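Asker: Okay, here's the structure, questions in a sec.
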Amino acid sequence: MRALLAHPWTARIGPPVLAVACAALLGAALVAALGQNPFGLAGRVWGEATRYHGLRDDAAYVIAYATPLIFTGLGVAIAFRAGMFNIGGQGQVMIGGILCGFVGWKLAAWPAWALVPACFAAAAAGGAAWASIAGALRAWRGSHEVIVTIMLNVLAVALTETLAGGRWKSGAGMMSQLPDVGPGARLPRLGAWPEGSTSVVPVLGIPVFPAHVPANAAIFLALACCVAAWAWLWRTTRGFELRATGLGPEAARAAGIPPRTTLLIAMALSGALAGLAATDLVMGQKGTWRQDDGLAFAGQAFIGIAVALMGQNHPAGIVPAALLFGALQRLAFLLSGVPKDLVFILQAAVILFVVCGNEIFRRALSRRRAA
Amino acid sequence: MAAAVEMVGIEKRFPRVVANVGVNLVVEEGEIHALAGENGAGKSTLMKILCGLHAPDAGVVRIFGREVTDFRPAAAIAAGIGMVHQHFMQVPTLTVAENVVLGEEPRRGPFFDRRRAEERVAELGSRFGLPVDPRARIEDLPVGLQQRVEILKVLARGARVLILDEPTAVLTPQESESLYATLRSLKSQGRTVIFISHKLREVRAAADRLTVLRRGRTVGTVPIGEVDEAKIAEMMIGRPVLFEIEKTPAAPAGAVLEVRDLAGGRLRGVTFDVRAGEIVGVAGVEGNGQSELVEILSGLRQAGSGTARLRGRELSRAGPAAWFEAGLGVIPEDRNLRGLIGEMSVADNLILGRHRQPRYSRAGIVAGAARDADAAGLVERFDIRPADPRAEAESLSGGNRQKVVVARELSRVPGLLVAAHPTRGVDVGAIEFIHRSILAERARGAAVLLVSSELPEILALADRILVLCGGAIAGEVRGAEATERGLGVLMTGGAPA
Ligand SMILES: Nc1ncnc2c1ncn2[C@@H]1O[C@H](COP(=O)(O)OP(=O)(O)OP(=O)(O)O)[C@@H](O)[C@H]1O
Ligand SMILES: [Mg+2]
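So the protein sequences, as listed, match chains A and B.
Under our numbering, the residues of the first sequence are numbered 1 to 371, in order.
Under our numbering, the residues of the second sequence are numbered 1 to 497, in order.
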């Protein structure tokens with residue numbers, strides 16, 4: 001038990017696990033306070049969840065909801081590892097998204113093998129450029145990135161609206177929307193892959209995903225980004241410099257690590273990951289950039305902050321954290337007889353408990369190694 | 001009468017290390033008790049148990065005869081224990097009085113009663129012979145006075161036993177003198193003092209009794225009159241220690257570092273050379289430009305004017321990377337802030353700053369195998385404990401952290417070694433080792449600039465000594481001809497004898 005408590009992983013995995021447990025208890029208490037039996041509600045949710053295709057629908061929805069959260073969570077985590085708080089995911093997703101849609105439209109004739117990477121690059125570049133503004137201001141002018149990224153969010157909404165409703169607008173309709181991307185830019189849905197298959201993908205002969213669920217191949221890009229982010233942070237020299245700068249800015253500077261470049265790189269990467277989230281919407285779901293969809297989708301970036309926190313800013317933690325928050329979003333559709341706000345309360349409770357849990361574990365540890 | 005503090009059979013284990021095993025310590029009321037031992041011997045851990053920062057795994061603690069059952073800081077304070085932390089817990093922008101009463105402020109109605117706070121601090125100060133201006137802001141005070149405020153704070157909370165962990169590590173010799181005078185006056189008022197120190201001379205001068213720890217165990221407790229420095233060192237290390245290291249005459253070659261009219265901050269124009277194969281010592285009362293000199297010479301501060309050439313390259317306004325490129329190795333003044341990253345492993349810290357060298361970075365990828373192999377080698381060569389390169393730097397004892405910094409910088413094979421207080425907080429055995437290493441650097445042909453507030457250290461190592469006073473060089477003395485007295489006169493602005 002002692003050894004278990006002292007194990008370095010305990011401090012990392014402990015808080016999120018405890019937080020989920022506490023949030024569940026709180027949720028049950030709330031349900032009871034509303035005059036309902038929590039077990040009865042759980043039973044109804046389970047019944048609802050398994051009604052049509054068993055849990056397949058739910059699993060597919062959870063993956064669909066988790067996809068953008070993985071991207072934005074990773075983005076927040078990278079900036080955080082360098083000692084910065086990037087809360088501009090919203091703006092970075094929007095700029096990345098509109099550029100992704102623009103490239104997919106302008107180069108619509110390109111074949112998939114060329115157009116897919118081009119659209120990925122556009123999304124990443126858009127997010128990176130937008131975040132770099134905050135990074136550069138922080139590095140060279142000392143402006144706080146939180147303030148700057150908030151303002152950049154507002155600016156991004158205005159800028160995308162101007163473009164999608166103006167120069168780049170499609171047709172004469174009322175909608176602020178770009179023309180559709182070329183077919184080569186579409187990411188296949190998990191439920192219709194390989195192409196031409198019916199409502200479910202046969203994986204090892206087992207029917208898996210229903211085709212009507214928006215889960216798409218962007219999830220593979222998200223997972224690849226996790227692996228890449230991990231490898232970059234912990235296996236490359238630059239990644240080492242970024243972590244060193246985050247953990248000991250003065251010592252890193254004294255060791256000759258250029259503080260400004262490092263901050264800029266961290267912000268650019270953070271923004272690139274956030275921007276890539278838009279590939280899920282533009283290439284995987286809608287096939288175009290539509291302003292109102294984009295605005296709603298980019299709001300996910302704020303949940304990305306919670307995902308990063310919950311995942312302890314580690315790629316391997318971010319995936320389960322994103323799945324958890326995806327599951328909570330799915331839960332909203334399955335609830336009956338209680339207000340859907342319960343889901344928001346649960347989300348908030350998880351976040352709160354993780355923050356408290358981290359702090360408690362940190363104090364417990366620093367008590368052991370106090371100065 | 002019960003002893004002030006009685007610790008029996010104390011045991012404390014950390015995940016990878018046993019810090020204390022069967023430690024016994026008895027401190028009588030009204031004595032000044034010194035605690036000595038090698039780096040990592042478990043001194044700080046033992047004191048943290050006493051003041052409620054750690055709970056022991058086994059053993060009994062009695063304070064004034066009462067057994068402690070609740071190991072928390074609040075309980076320790078209530079029992080009369082007061083810890084003067086090495087990293088002062090103060091709010092720099094508040095005044096002395098505000099800091100001292102923080103947490104139990106006197107009030108008038110709902111408001112903070114500033115006047116009563118100031119009176120109380122002045123009263124405490126005069127009662128214990130610790131004068132400070134209650135209205136001064138902490139950030140404006142020198143370290144010695146900040147420490148005094150910390151002591152006042154502890155006294156204000158009614159401490160009967162004061163614990164000081166390496167209180168003089170960051171003090172000038174003059175400030176140390178006055179600290180020990182303070183401790184004696186506290187003793188005369190019936191307070192009990194326990195202090196940890198690696199400076200055996202001070203231990204001899206200030207303590208009544210001494211307890212030595214080695215590798216987590218008590219070696220023994222002796223009245224100070226019965227031991228001399230050599231004996232203490234032997235108790236600590238388990239073998240005789242050579243205080244006098246034999247030093248061959250220097251054979252300096254061409255200038256490696258050429259400094260001309262260099263100014264910046266408190267440094268007001270200094271000119272000197274450091275040649276290959278010589279050690280130039282910089283002596284002076286702290287705050288006379290040493291910090292600025294070290295910062296400029298390691299690229300952390302841009303010079304206001306003047307030039308500094310390292311192997312011919314003008315770098316007075318360059319950053320750290322350019323200095324390292326030109327062949328610098330530097331042991332910085334503040335190892336916790338600038339020398340190490342606490343939450344990284346010892347192995348990572350050992351390559352910090354060298355991580356771009358081809359040996360550790362192949363096509364931008366960290367060469368983990370080379371890093372780990374070299375770390376294991378350095379940990380062994382420099383006797384860093386625990387001998388575990390994966391341990392977080394933060395979990396190391398103070399002296400072992402310093403060894404990590406020294407190990408890394410020497411492994412750069414520097415052309416110029418700038419060493420600022422290289423033996424601050426390290427034990428006698430390690431001091432001997434670090435001094436030998438610096439001499440070995442000289443023998444190898446490195447130029448060494450040694451900045452230290454320890455005159456014996458400078459006298460033991462330096463071939464030439466520059467004395468800084470008021471940001472300028474007040475005099476230069478050949479190492480062989482220097483005496484502590486002579487340097488002292490120069491340091492305080494007197495004419496050379
Ligand atoms: N929180 C901790 N976690 C793990 N190991 C620790 C922790 N605190 C101390 N240690 C280990 O316990 C041992 C004793 O450390 P301690 O700080 O008591 O030494 P010390 O005698 O004060 O040394 P120094 O003179 O260098 O300050 C060391 O090996 C140290 O690495
Ligand atoms: Mg210590």
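Glycine is no exception: its CB is placed at the ideal position from the N, C-alpha and C atoms.
Predicted model, so just to flag it, every value in this text is computed and none were measured.
Looking at the C-beta of B:Leu124, does it have a partner C-beta in chain A at a distance below 8 Å?
Answerer: No, because no Cβ of chain A sits closer than 8 Å to the Cβ of B:Leu124.
Asker: Near ligand 2, which residues have their beta-carbon closer than 7 Å to a heavy atom?
Answerer: Those residues are B:Lys43, B:Ser44, B:Asp165, B:Glu166, B:Ile196, B:Ser397, B:Gly398, given in chain order.
Asker: In this structure, what does DSSP give as the bridge partners for A:Gln347?
Answerer: Answer is none; A:Gln347 lacks a bridge partner.
Asker: Are three or more beta carbon pairs between the region 61-70 of chain B and the region 251-267 of chain B nearer than 8 Å?
Answerer: Counting Cβ pairs under 8 Å, fewer than three are found: no touch.
Asker: Which of the residues in the region 239-262 of chain A, read from start to end, lie with their CB under 9 Å from any CB of chain B?
Answerer: If the cut-off is 9 Å between Cβ atoms, the region 239-262 of chain A has Gly239, Phe240, Glu241, Arg243, Ala244, Leu247, Gly248, Glu250, Ala251, Ala252, Arg253, Ala254, Ala255, Gly256, Ile257, Pro258 near chain B.
Asker: What first and last residue would you give for the alpha helix (DSSP H) that runs through A:Ala221?
Answerer: Correcting the residue identity first, residue 221 of chain A is Leu in this sequence and not Ala. 218-235 is the extent of the alpha helix (DSSP H) around A:Leu221.
Asker: Give me the residue from A:Gly126, A:Gln291, A:Thr67, A:Gly43 with the minimum Cα distance to A:Leu324.
Answerer: Checked all of A:Gly126, A:Gln291, A:Thr67, A:Gly43; the closest Cα to A:Leu324 is A:Thr67.
Asker: Given this structure, state the Cα-to-Cα distance separating B:Ile151 from B:Val84, to the nearest angstrom.
Answerer: About 6 Å.
Asker: Are any of the Cβ atoms in chain B nearer than 8 Å to that of A:Arg235?
Answerer: Yes, its Cβ sits closer than 8 Å to a Cβ of chain B.
Asker: Which residue wins for smallest C-alpha separation from B:Gly103, given the options B:Ala55, B:Pro240, B:Ala156?
Answerer: Nearest option by C-alpha distance: B:Ala156.
Asker: Tell me the DSSP secondary structure of B:Met236 in three-state form.
Answerer: It is helical.
Asker: Are the CB atoms of B:Val27 and B:Thr192 within a distance shorter than 8 Å?
Answerer: Contact flag set, yes.
Asker: Can you check which of these residues, A:Ala79, A:Gly96, A:Gly182, A:Tyr65, is closest to A:Leu418 by C-alpha distance?
Answerer: A question about residue 418 of chain A goes unanswered here, because the residues of chain A that appear run from 1 up to 371.
Asker: Note down, in chain order, each residue of its chain lying with its Cβ closer than 6 Å to the Cβ of B:Thr172, except the 5 sequence neighbours on either side.
Answerer: So the list reads Val285, Glu286, Ser453, once near-sequence residues are dropped.
Asker: Listed from N- to C-terminal order along the chain, which residues in the region 355-366 of chain B have their beta-carbon within a distance smaller than 8 Å of any beta-carbon of chain A?
Answerer: Of all residues in the region 355-366 of chain B, His355, Arg356, Tyr360, Ser361, Gly364, Ile365, Val366 have a Cβ within less than 8 Å of some Cβ in chain A.
Asker: So which of B:Leu297, B:Ala250, B:Asn99 has the shortest CA-CA distance to B:Gly277?
Answerer: The residue with the shortest Cα to Cα distance from B:Gly277 is B:Ala250.
Asker: Tell me whether A:Leu309 sits in a helix, a strand or coil according to DSSP, three-state version.
Answerer: Reduced to three states, the DSSP call for A:Leu309 is helix.
Asker: Any contact of the region 194-204 of chain B with the region 415-431 of chain B, i.e. 3+ C-beta pairs under 8 Å?
Answerer: Cβ pair count under 8 Å is three or more, so yes.
Asker: Please determine whether the Cβ atom of B:Glu41 lies at a distance below 7 Å from any heavy atom of ligand 1.
Answerer: As written in the sequence, residue 41 of chain B is Ala, which differs from the Glu given in the question. Because some heavy atom of ligand 1 lies under 7 Å away, the Cβ of B:Ala41 counts as near it: yes.
Asker: Do the region 239-247 of chain A and the region 96-111 of chain A touch if we need at least three Cβ pairs shorter than 8 Å?
Answerer: Too few Cβ pairs lie closer than 8 Å, so no.
Asker: In chain A, which residues lie less than 7 Å from B:Phe195 when you measure between Cβ atoms?
Answerer: By Cβ distance, chain A contributes nothing, its closest Cβ being about 17 Å from B:Phe195, past 7 Å.
Asker: So for B:Glu441, helix, strand or coil by DSSP?
Answerer: In this structure, B:Glu441 counts as helix in the three-state DSSP scheme.
Asker: Flag this pair as touching only if the region 300-319 of chain A and the region 115-134 of chain A have three or more C-beta atom pairs under 8 Å; answer yes or no.
Answerer: No, they do not touch.
Asker: Assuming B:Arg313 contacts B:Ala326 under a Cβ cut-off of 8 Å, what Cβ separation, rounded to an integer in Å, is found between them?
Answerer: Right, the Cβ-Cβ distance comes to about 5 Å (below 8 Å), so this counts as a contact.
Asker: Below 8 Å on C-beta distance, what does B:Ser500 contact in chain A?
Answerer: Given a span of 1 to 497 for chain B in the structure shown, any question on residue 500 of chain B remains unanswerable.
Asker: Say the cut is 7 Å; is the CB of B:Asn400 nearer than that to a heavy atom of ligand 1?
Answerer: Yes - ligand 1 has a heavy atom lying nearer than 7 Å to the Cβ of B:Asn400.
Asker: Using only CA atoms, which one of A:Thr10, A:Thr262, A:Ala60, A:Gly47 lies nearest to A:Gly191?
Answerer: Among A:Thr10, A:Thr262, A:Ala60, A:Gly47, the Cα nearest to that of A:Gly191 belongs to A:Ala60.
Asker: Cα separation between A:Arg238 and B:Arg354?
Answerer: If I take the Cα positions, the gap works out to 13 Å.
Asker: Which runs of the beta strand (DSSP E) at least 3 residues long sit entirely within the region 71-103 of chain B? Give them in chain order.
Answerer: Counting whole runs of 3 or more residues, the region 71-103 of chain B contains the beta strand (DSSP E) stretches 81-84.
Asker: Between B:Asp388 and ligand 1, is there a pair consisting of the residue's CB and a ligand heavy atom that are separated by less than 7 Å?
Answerer: No, the beta carbon of B:Asp388 sits no closer than 7 Å to any heavy atom of ligand 1.
Asker: Would B:Glu31 and B:Asp208 qualify as a contact pair, given that the criterion is a beta-carbon distance under 8 Å?
Answerer: Yes.
Asker: Does B:Phe433 get closer than 8 Å to chain A when you measure Cβ to Cβ?
Answerer: Chain A, which has no Cβ nearer than 8 Å to the Cβ of B:Phe433, makes this no.
Asker: Closest Cβ-Cβ distance between B:Phe71 and chain A: below 8 Å?
Answerer: By this cut-off, B:Phe71 is not an interface position.
Asker: Give me the Cβ distance between B:Arg338 and A:Glu250, rounded to the nearest whole Å; I'm assuming they're in contact under 8 Å.
Answerer: Indeed, because the Cβ distance is near 5 Å, the residues count as touching under 8 Å.
Asker: Taking one C-beta from the region 339-348 of chain B and one from the region 394-413 of chain B each time, how about it: are there three or more such pairs within less than 8 Å?
Answerer: Short answer: they touch.
Asker: Is the separation between the beta-carbon of B:Pro281 and that of B:Leu450 shorter than 8 Å?
Answerer: Per the sequence presented here, residue 281 of chain B reads as Gly, with Pro not at that position. Yes, they are a contact pair.
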